Each structure stands twice: as structure tokens, then as C-alpha cells.
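Going by the numbering used here, the first residue of the sequence shown is number 3, and it counts up by one from there.
We put the beta carbon where it would ideally sit given N, CA and C, even for glycine.
No experiment lies behind these values; they were computed from the predicted model shown.
Encoded as C-alpha cells, the structure appears first; notes follow it.
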Amino acid sequence: MSIPVDVADLAQALEDFGAGYLLSTSSEGRVKAVTVEPDVVEGVLLVTGPGRGSTANIAANPSVTLLFPPREPRGFTLLVDGTARLVDDQAQITPQTAVLHRPAAHSAQ
């Protein structure tokens, strides 16, 4: 089950989640996941100090995903796909799509 989230409403949606994961892909196709707590400024998600591996991945492939797991069992996961650019020690992620997702079987409690 998926529920689209308007990217203009991301700051509000993120209030329901804790830390998330920045998923980036190396030029060899390996996925790297790092824990992040982005700030939202004027619709852009800002990740300070994403690390050397994530920085290298973003330089090679700016397409990233942010994954925010549910706080409670069987809750929704927030997935945000976007494009990242590096500015100083920060990854600035422009969201393109966002969705709340969970398996349909998890809605029956």
C-alpha cells in the first residue's frame, strides 16, 4: 500500500519520523546507507557531513533515496527519491517524489 506525499509537505511529514537513511549508489552499483537527520529548508533536504563514501557516490551518481522507517511496528515507511548536490560539507537533496509505504498485509492488525 502506497500513499503519495506532496514534496511541498515533506517538512510536515518528517515530523512523524525519527532518523532516516541516505541511500546512495557507487559507480560500481554498490548501495551505501548512512544514518541522517536532514533539515528541510525551502523544500530542500540538507544533510550535513554525509561522509566520504556518500560524498563519492553522490559525485558519481546524484540520484539518491532517503528512507525513514516507521516508529511503530507495521507503520508506514517514508521514501523520498531525489537528486543530491554537494555544497561544502553538505548534501543538498532536491526531492522529486515521496511516498508513505507499507505492505498491504500490515494494514490488518
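Using only alpha-carbon positions, find the residue among the options that is nearest to residue i.
| i | options | result |
| --- | --- | --- |
| E74 | I5, T37, G20 | G20 |
| Y23 | Q92, L81, V7 | L81 |
| Q52 | S4, P6, A93, H103 | One detail in the question is off: residue 52 reads as Pro in this sequence, not Gln. Measuring from the Cα of P52, the nearest candidate turns out to be A93. |
| T96 | D8, R54, H103 | D8 |
Would you report the Cα separation of residue i and residue j, rounded to the nearest angstrom?
| i | j | result |
| --- | --- | --- |
| S26 | V38 | 12 Å |
| L16 | V36 | 17 Å |
| E44 | D11 | 11 Å |
| R54 | A106 | 37 Å |
| V49 | L88 | 10 Å |
Between residue i and residue j, which are expected to be in contact by the criterion C-beta below 8 Å, what is the C-beta distance as a whole number of angstroms?
| i | j | result |
| --- | --- | --- |
| P40 | L68 | 7 Å |
| H108 | S4 | With 8 Å as the limit, H108 and S4 do not qualify as a contact, their Cβ atoms being about 12 Å apart. |
| A13 | V42 | 4 Å |
If you drop the 5 nearest sequence neighbours on each side, which residues of the same chain put their C-beta closer than 8 Å to that of residue i?
| i | result |
| --- | --- |
| T85 | P64, S65, V66, I95, T96, Q98 |
For residue i, which residues in the same chain have their Cβ closer than 7 Å to its Cβ, ignoring the five residues on either side in sequence?
| i | result |
| --- | --- |
| N59 | S26, T27, S28, K34 |
- Item | Segments assigned beta strand (DSSP E), at least 3 residues, entirely inside the region 11–91 | 22–27, 33–38, 41–43, 46–50, 65–70, 79–89
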